[in-house]
Amino acid sequence: MTSTYDALLGRLVRAFDALLPGADPALRPSERGDYQANGVMALAKARGENPRATAAAVLENLDLSGIAQVEVAGPGFLNLTLTTAFLHDQLGALLADERLGVPRGGARTTVIDYSAPNVAKEMHVGHLRSTVIGDALARLHRFRGDTVVARNHVGDWGTPFGMLIEHLLDLGEEEAVASLSIGDLDGFYRDARVKFDADDAFKERSRARVVALQSGDPETRRLWRVLVDESVAYFAEVYRALDVTLRPVDVVGESYYNPMLEDVVRDLDAAGLLVESGGALCVFPAGFTNREGEPLPLIVQKRDEGFGYAASDLAAVRDRVGNLHADEILYVVGAPQGQHFEMVFAVARAAGWLPDTVRCEHVAFGNVLGPDRKMFKTRSGETVKLIDLLAEATQRASAALATRASTLDDDERRVLATQIARAAIKYADLSTDRQRDYVFDLDRMIAFEGDTGPYLQYAHARLRSIFRRLGASWDPGTVTFVLADAAERHLALGLVAFPEAVAAALSSLQPHRLSGYLFDLAQRFTAFYESCPVLTAPEPTRTERLALCELTARTLALGLSLLGIDAPDQM
RNA sequence: GCGGCUGUAGCUCAGCGGAUUAGAGCAUCGGUCUACGGAACCGAGGGUCGGGGGUUCGAAUCCCUCCAGCCGCACCA
Numbered sequence: 003m004t005s006t007y008d009a010l011l012g013r014l015v016r017a018f019d020a021l022l023p024g025a026d027p028a029l030r031p032s033e034r035g036d037y038q039a040n041g042v043m044a045l046a047k048a049r050g051e052n053p054r055a056t057a058a059a060v061l062e063n064l065d066l067s068g069i070a071q072v073e074v075a076g077p078g079f080l081n082l083t084l085t086t087a088f089l090h091d092q093l094g095a096l097l098a099d100e101r102l103g104v105p106r107g108g109a110r111t112t113v114i115d116y117s118a119p120n121v122a123k124e125m126h127v128g129h130l131r132s133t134v135i136g137d138a139l140a141r142l143h144r145f146r147g148d149t150v151v152a153r154n155h156v157g158d159w160g161t162p163f164g165m166l167i168e169h170l171l172d173l174g175e176e177e178a179v180a181s182l183s184i185g186d187l188d189g190f191y192r193d194a195r196v197k198f199d200a201d202d203a204f205k206e207r208s209r210a211r212v213v214a215l216q217s218g219d220p221e222t223r224r225l226w227r228v229l230v231d232e233s234v235a236y237f238a239e240v241y242r243a244l245d246v247t248l249r250p251v252d253v254v255g256e257s258y259y260n261p262m263l264e265d266v267v268r269d270l271d272a273a274g275l276l277v278e279s280g281g282a283l284c285v286f287p288a289g290f291t292n293r294e295g296e297p298l299p300l301i302v303q304k305r306d307e308g309f310g311y312a313a314s315d316l317a318a319v320r321d322r323v324g325n326l327h328a329d330e331i332l333y334v335v336g337a338p339q340g341q342h343f344e345m346v347f348a349v350a351r352a353a354g355w356l357p358d359t360v361r362c363e364h365v366a367f368g369n370v371l372g373p374d375r376k377m378f379k380t381r382s383g384e385t386v387k388l389i390d391l392l393a394e395a396t397q398r399a400s401a402a403l404a405t406r407a408s409t410l411d412d413d414e415r416r417v418l419a420t421q422i423a424r425a426a427i428k429y430a431d432l433s434t435d436r437q438r439d440y441v442f443d444l445d446r447m448i449a450f451e452g453d454t455g456p457y458l459q460y461a462h463a464r465l466r467s468i469f470r471r472l473g474a475s476w477d478p479g480t481v482t483f484v485l486a487d488a489a490e491r492h493l494a495l496g497l498v499a500f501p502e503a504v505a506a507a508l509s510s511l512q513p514h515r516l517s518g519y520l521f522d523l524a525q526r527f528t529a530f531y532e533s534c535p536v537l538t539a540p541e542p543t544r545t546e547r548l549a550l551c552e553l554t555a556r557t558l559a560l561g562l563s564l565l566g567i568d569a570p571d572q573m
């Protein structure tokens, strides 16, 4: 089906094109009419005429028959009011469309790099945003029809692994595995670190072990594998708890790119991009300078001949373009790494590894702050484990549920509490501009009133309860939408705008465009629900309202699912 | 010093491909009140959109400048 916005836009573009090819009608939702087109003013300027005259000229070419009525307002705005007949058709099409009007895109391959925890280290709030935002983007792209290749670029390589492996040996493999499998990664890492700092013999063993690891010593590799596997299993638990779609096979860590690094260096050299500076092998992409105004290097190979992270990032770009055939690569990584990625992309383009046809973007995000507006930490100054955060939110959700009468049994309540907790945490993260820092306030995000995940879930649950009362499954059959009540019409306009919200979230890579839409829709629904009785309404109004409820429930559930949030039937 | 991000109601935030009276949530105050789930709805007060300049018929939105905060700026990712 053609969405309402696209239907309007198509007609407008034709009329604008007739006067000036390529002119943008600037179509927006409006509080005056249903939509407004502001493009007349810009067009008038281009044609050097009075906007009202231009508006008249546009109207002569504009055929909105069967869609909307137009009115020229103010200096030259086109206020558009959809006809009821058109809304009727659109709503009917939505009822029959599982995708609720969202078009399927071309078959693109999109690589999304997100989450990226470190082996043998806890997942903490620092990983929350990458994980939650990345997963929402993965879901949105999959829904569009892309083949999404998730890449979990875990930190599984580097000098700390010498000490971690030695510590593992000291503990004994079984003991170590036991400790790691219960999720005490931080304790394991900390103990290794303490020994490394305090015990010279241990430090020496650790160094030797790094060398053995890098030279591919089989036993060392096996021990390293144990660490990685245990950690990946633990990450999988956290992802399950968060309901994140990342799987163990998506873990493609730094070590994966190791065998490619020499080629990266060789090929950069062959391309004439490599420069030796201070003993290190570097590329100096144009336009980057350091503190002193000198060219800033991207260090590919360090003075000690080890490879820097830039090398593996370059290898990853190559792999994603060359082997995965990515049309689009997204890096969901914190904003502080912006310059690093700009440089990596610039070098990759210069080396010819990243064609202009491939969109490559750093999806940056701000920090999670505590109530003091500093980095979110526990009172004692430690990082907050994701699993603990979720447990605390779940506990609060349980407590809130316990105060309400419910027909749910204990197991159902437990599940529900986790669904609410996840919704609270994820929605809070996904409902603001991702570039900004945000203040983590569990009380606010888990509240059932206001712009929160639980509020949206509640709106959905109320809708489902209407259908539960109906008993037998409801088949809309033929519905006539007359939208006699203003609240019905307002809700209908919201329903018809779902494809725009999804498109906006995708094109801007900003899930909060969708969150904001869903909250607005939920508010339209509750206002409607307040003033328009559904079950007790006479036919055919009853059927019409049930159909509006059906569409609203489906839109909320689908929209939330694209954000990675459950929409339970009861709360 | 250079670069990036941020500065919108008491608080937390939308809006920033310019456009008709600057929005929401929370909090506050006032209503609805035997309700198809009140975990709701309706309404009110509350803003020099960090300051200043510029472009424009029109700027929270674009440009310049200043102020404040956060972050990055060579071998840790």
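Numbering (my numbering), first residue to last: 3 to 573.
Beta carbons: idealized from backbone N, C-alpha and C, even for Gly.
For residue i, I'd like the list of residues in its chain whose CB is within less than 8 Å of its CB, leaving aside the five on either flank, ordered along the chain.
{"i": "Val360", "result": "Val323, Ala328, Asp329, Glu330, Ile331"}
{"i": "Gly340", "result": "His364, Ala366"}
{"i": "Ser183", "result": "Glu232, Ala235, Tyr236"}
{"i": "Ala25", "result": "Phe18, Asp19, Gly41, Ala44, Leu45, Ala48"}
{"i": "Asp99", "result": "Met3"}
Identify which residue in the options has its Cα closest to the Cα of residue i.
{"i": "His364", "options": "Val246, Ser233, Leu511", "result": "Leu511"}
{"i": "Val402", "options": "Leu418, Asp413, Val134", "result": "Looking at the sequence provided, one finds Ala at residue 402 rather than Val. Selected option, being the one with the closest Cα: Leu418."}
{"i": "Leu21", "options": "Ala58, Leu93, Gly295, Asp36", "result": "Ala58"}
{"i": "Leu215", "options": "Ile184, Gly164, Pro261", "result": "Gly164"}
{"i": "Gln572", "options": "Glu414, Phe367, Met447, Val302", "result": "Glu414"}
{"i": "Pro299", "options": "Thr528, Ala348, Phe442", "result": "Ala348"}
{"i": "Thr4", "options": "Ser181, Thr161, Pro501", "result": "Pro501"}
{"i": "Arg249", "options": "Val335, Tyr457, Ser117", "result": "Ser117"}
{"i": "His462", "options": "Ser433, Ala178, Arg526, Arg446", "result": "Arg526"}
{"i": "Ile567", "options": "Thr85, Ala486, Asp431, Asp435", "result": "Asp431"}
{"i": "Phe442", "options": "Val335, Ala399, Thr380", "result": "Thr380"}
{"i": "Thr133", "options": "Ala44, Gln71, Asp252", "result": "Asp252"}
{"i": "Gly68", "options": "Thr83, Gly78, Leu61, Ala203", "result": "Thr83"}
{"i": "Tyr440", "options": "Leu548, Glu532, Leu130, Leu61", "result": "Leu130"}
{"i": "Glu307", "options": "Ala288, Cys284, Glu294", "result": "Cys284"}
{"i": "Leu244", "options": "Ile422, Arg466, Asp411, Thr528", "result": "Ile422"}
{"i": "Ala109", "options": "Pro119, Gly94, Phe145", "result": "Phe145"}
{"i": "Ile389", "options": "Glu124, Thr247, Leu316", "result": "Glu124"}
{"i": "Pro297", "options": "Ala288, Leu97, Cys551", "result": "Ala288"}
Look at residue i and residue j and say whether their C-beta atoms are less than 8 Å apart.
{"i": "Leu66", "j": "Val42", "result": "no"}
{"i": "Thr545", "j": "Val481", "result": "yes"}
{"i": "Ser517", "j": "Tyr429", "result": "yes"}
{"i": "Glu278", "j": "Val228", "result": "no"}
{"i": "Leu392", "j": "Ile448", "result": "no"}
{"i": "Val230", "j": "Asp158", "result": "yes"}
{"i": "Val302", "j": "Val266", "result": "yes"}
{"i": "Ala75", "j": "Thr85", "result": "no"}
{"i": "Arg49", "j": "Gln38", "result": "no"}
{"i": "Phe530", "j": "Leu497", "result": "no"}
{"i": "Leu495", "j": "Asp8", "result": "no"}
{"i": "Phe309", "j": "Met345", "result": "no"}
{"i": "Ala559", "j": "Arg547", "result": "no"}
{"i": "Ala178", "j": "Leu187", "result": "no"}
{"i": "Leu275", "j": "Val319", "result": "no"}
Excluding five sequence neighbours on each side, which residues of the same chain lie with their C-beta closer than 6 Å to the C-beta of residue i?
{"i": "Asp115", "result": "Arg153, His155, Tyr333"}
{"i": "Ala46", "result": "Pro53, Thr56"}
{"i": "Lys205", "result": "Phe198"}
{"i": "Asp487", "result": "Cys534"}
For residue i, collect the residues of the same chain with a Cβ closer than 7 Å to its Cβ; drop the 5 residues on either side in sequence, then sort them by chain order.
{"i": "Phe378", "result": "Val127, Val370, Leu371, Gly372, Val386, Phe442"}
{"i": "Arg491", "result": "Leu485"}
{"i": "Phe469", "result": "Trp476"}
{"i": "Ser314", "result": "Glu256, Tyr259, Leu263"}
{"i": "Leu410", "result": "Leu418, Gln572"}
{"i": "Asp522", "result": "Gly496"}
{"i": "Asp453", "result": "Ser433, Phe521"}
Between the segment 187 to 202 and the segment 151 to 158, do at least 3 Cβ pairs fall closer than 8 Å?
-> The segment 187 to 202 vs the segment 151 to 158: no contact.
Which runs of the alpha helix (DSSP H) fall wholly inside the segment 139 to 213 and span at least 4 residues, in chain order?
-> 162 to 173, 175 to 183, 187 to 200
Answer yes if the segment 137 to 144 comes into contact with the segment 219 to 239, meaning at least three C-beta pairs across the two stretches below 8 Å, and no otherwise.
-> no
Counting only runs that start and end within the segment 346 to 425, where is the beta strand (DSSP E) found for 3 or more residues in a row?
-> Restricting attention to beta strand (DSSP E) runs no shorter than 3 residues, the segment 346 to 425 encloses them at 361 to 365, ordered along the chain.
Touch test, the segment 217 to 234 against the segment 280 to 290, Cβ-Cβ under 8 Å, three pairs minimum | The segment 217 to 234 makes no contact with the segment 280 to 290, as fewer than three CB pairs between them are under 8 Å.
Ranges of the alpha helix (DSSP H) found wholly within the segment 219 to 286, counting only runs of at least 4 = As far as the segment 219 to 286 is concerned, its whole alpha helix (DSSP H) runs of at least 4 residues are 220 to 244, 256 to 259, 263 to 272.
At 3 residues or longer, and completely inside the segment 51 to 83: list those beta strand (DSSP E) runs for me, N to C.
-> 70 to 75
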